[in-house]
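Enquirer:
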Amino acid sequence: MPLTPLVLSPALPSELLTYILDHHVYPTTLIVCFPRTDFLDALARGIEHQPALAAGSSSQPLDDVPPEGLPPPQQTHAPNHQLLSSPLYQVAISRHVRTVFIPTVTHLRAYLSVFSPDASKIPAPPSDFTPVGRRPPHLLVYGAVELHRDTSEWSAQGLGSTAAALVETGHRLGWHVVLAEPPGQLDDSMMADEDEQRAGDADAFAQLLKENMPILSGSVRRLGLDGEQGGGWSGRTVEVGRVLSRWFRFQRGDWDDYRDDNFPK
Numbered sequence: 001m002p003l004t005p006l007v008l009s010p011a012l013p014s015e016l017l018t019y020i021l022d023h024h025v026y027p028t029t030l031i032v033c034f035p036r037t038d039f040l041d042a043l044a045r046g047i048e049h050q051p052a053l054a055a056g057s058s059s060q061p062l063d064d065v066p067p068e069g070l071p072p073p074q075q076t077h078a079p080n081h082q083l084l085s086s087p088l089y090q091v092a093i094s095r096h097v098r099t100v101f102i103p104t105v106t107h108l109r110a111y112l113s114v115f116s117p118d119a120s121k122i123p124a125p126p127s128d129f130t131p132v133g134r135r136p137p138h139l140l141v142y143g144a145v146e147l148h149r150d151t152s153e154w155s156a157q158g159l160g161s162t163a164a165a166l167v168e169t170g171h172r173l174g175w176h177v178v179l180a181e182p183p184g185q186l187d188d189s190m191m192a193d194e195d196e197q198r199a200g201d202a203d204a205f206a207q208l209l210k211e212n213m214p215i216l217s218g219s220v221r222r223l224g225l226d227g228e229q230g231g232g233w234s235g236r237t238v239e240v241g242r243v244l245s246r247w248f249r250f251q252r253g254d255w256d257d258y259r260d261d262n263f264p265k
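For the sequence shown, our numbering gives the first residue as 1, with consecutive numbering after it.
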């Protein structure tokens, strides 16, 4: 039976990739809901400024092989970061992870409606390649909630439709569906003190789950005192967390296991 769909605590791109490498079962697929260049830039900055973020991972330590598509690492900044020092097992896994970049909510739903592992050009691993443990492949979606923001789909109707499509896809394939959001503004988070950043991420995630959105798509904001939009939504609203909780369970990510960051209950 498919596992319960999860919404994990906010993750940097480097943390998300470490999670994938630790939990990968072919044909695991990563859907990134913002441009490829932004994702790679954030990944490079995260590795450069926070080399210890993967300290809690169970992967083995090893020799310097940068992830495909990234610039050569600056050894003076992050000589020991897990993603820049890869064992053969990690390199082998990375070649069999399907990654897709999705620009809009419409594209995401259309992609899910026809999603099939058979359509992937990513090759299958050798027949004798068996991952540790028995678990289903993952369908990981990074930034799905933010993809809806500032669009006509920012509503319980819009987010609920996307969540239902994700869960239906996971159920159809027997895959484990996992959602994670980036930790606020990625540019700022790369330079923040690690403890301050983690506390801020927990607060930001709690605020996101409590943030109100209109019930129906196409709702408009009321005018504020200055005559601009920003005075709240017209009509009934509901919290983001209530919309997601209909399909998903909330859980700390592996990256939070060694920190007490007041993750929202």
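C-beta atoms are modelled at their ideal positions from N, C-alpha and C, and glycine is treated no differently.
On a predicted model such as this, the values are computed, not experimentally measured, just so you know.
Can you check DSSP and say which residues form a bridge with Pro-214?
Expert: Its beta-bridge partners are Thr-237.
Enquirer: Could I get the ranges of all uninterrupted alpha helix (DSSP H) runs contained in the region 102–150, with 4 residues as the minimum, in chain order?
Expert: Counting whole runs of 4 or more residues, the region 102–150 contains the alpha helix (DSSP H) stretches 105–113, 144–148.
Enquirer: Quick check on Pro-103: buried or exposed, where buried means 16 or more other Cβ atoms within 10 Å of its Cβ?
Expert: Pro-103 is exposed by the Cβ-count criterion.
Enquirer: Using a Cβ-Cβ cut-off of 7 angstroms (strictly less than) and excluding sequence neighbours within five positions of Ser-120, which residues of its own chain qualify?
Expert: Pro-27, Arg-98, listed in sequence order.
Enquirer: By alpha-carbon positions, which one of Leu-3, Ala-42, Asp-118, Leu-147 ends up nearest to Leu-16?
Expert: Of Leu-3, Ala-42, Asp-118, Leu-147, the residue nearest in Cα terms is Ala-42.
Enquirer: Let's see if you can read the secondary structure: which residues bound the beta strand (DSSP E) around Ala-164?
Expert: First-last for Ala-164: 156–173, but that is the alpha helix (DSSP H), not the beta strand (DSSP E).
Enquirer: Look at the alpha carbon of Tyr-142 and the alpha carbon of Leu-209, and state the distance between them as a whole number of angstroms.
Expert: Approximately 16 angstroms, taken between the alpha carbons.
Enquirer: Keeping to the same chain, check which residues put their C-beta closer than 6 angstroms to that of Ala-165; ignore five residues upstream and five downstream.
Expert: Cβ neighbours of Ala-165 beyond the five flanking positions: Arg-109, Leu-112.
Enquirer: Can you give me the C-alpha to C-alpha distance between Gly-235 and Ala-156, rounded to a whole angstrom?
Expert: So the alpha carbons of these two residues sit roughly 12 angstroms apart.
Enquirer: Which residue or residues does DSSP assign as beta-bridge partners of Phe-250?
Expert: In DSSP, Phe-250 forms a bridge with Val-7.
Enquirer: Do Pro-35 and Val-177 have their CB atoms nearer than 7 angstroms?
Expert: No; because the gap between Cβ atoms is not below 7 angstroms, this pair is not in contact.
Enquirer: Note the first and the last residue of the continuous beta strand (DSSP E) segment covering Thr-28.
Expert: Thr-28 -> no beta strand (DSSP E), and no H or E assigned at all.
Enquirer: So Val-100 and Thr-162 are supposed to be a Cβ contact under 8 angstroms. How far apart are they, rounded?
Expert: Incorrect: roughly 15 angstroms between the Cβ atoms, too far for contact.
Enquirer: Rounding to the nearest angstrom, what Cα-Cα distance links Leu-140 and Gly-232 in this structure?
Expert: Distance between the alpha carbons of Leu-140 and Gly-232: 32 angstroms.
Enquirer: Express the C-alpha separation of Gly-174 and Lys-265 in angstroms, rounding to a whole number.
Expert: Residue confidence is low: Lys-265 scores 46 on pLDDT, short of 50, so the model does not pin down where it sits. No coordinate-derived value is stated.
Enquirer: From Asp-38 to Ala-144, what does the alpha carbon distance come to, in whole angstroms?
Expert: If I take the Cα positions, the gap works out to 15 angstroms.
Enquirer: Near Thr-151, which residues of its chain fall below 8 angstroms by C-beta distance, leaving aside the five closest residues on each side in sequence?
Expert: The residues are Thr-104, Val-105, Gly-158.
Enquirer: Leu-53 to Ser-14, Cα distance in whole Å?
Expert: Legend: pLDDT at Leu-53 = 39, less than 50; position of this residue unreliable, no value from coordinates given.
Enquirer: Quick check on the burial criterion: 16 or more other C-beta atoms within 10 angstroms. Buried or exposed for Leu-216?
Expert: The residue in question, Leu-216, is exposed, as its Cβ has fewer than 16 Cβ neighbours within 10 Å.
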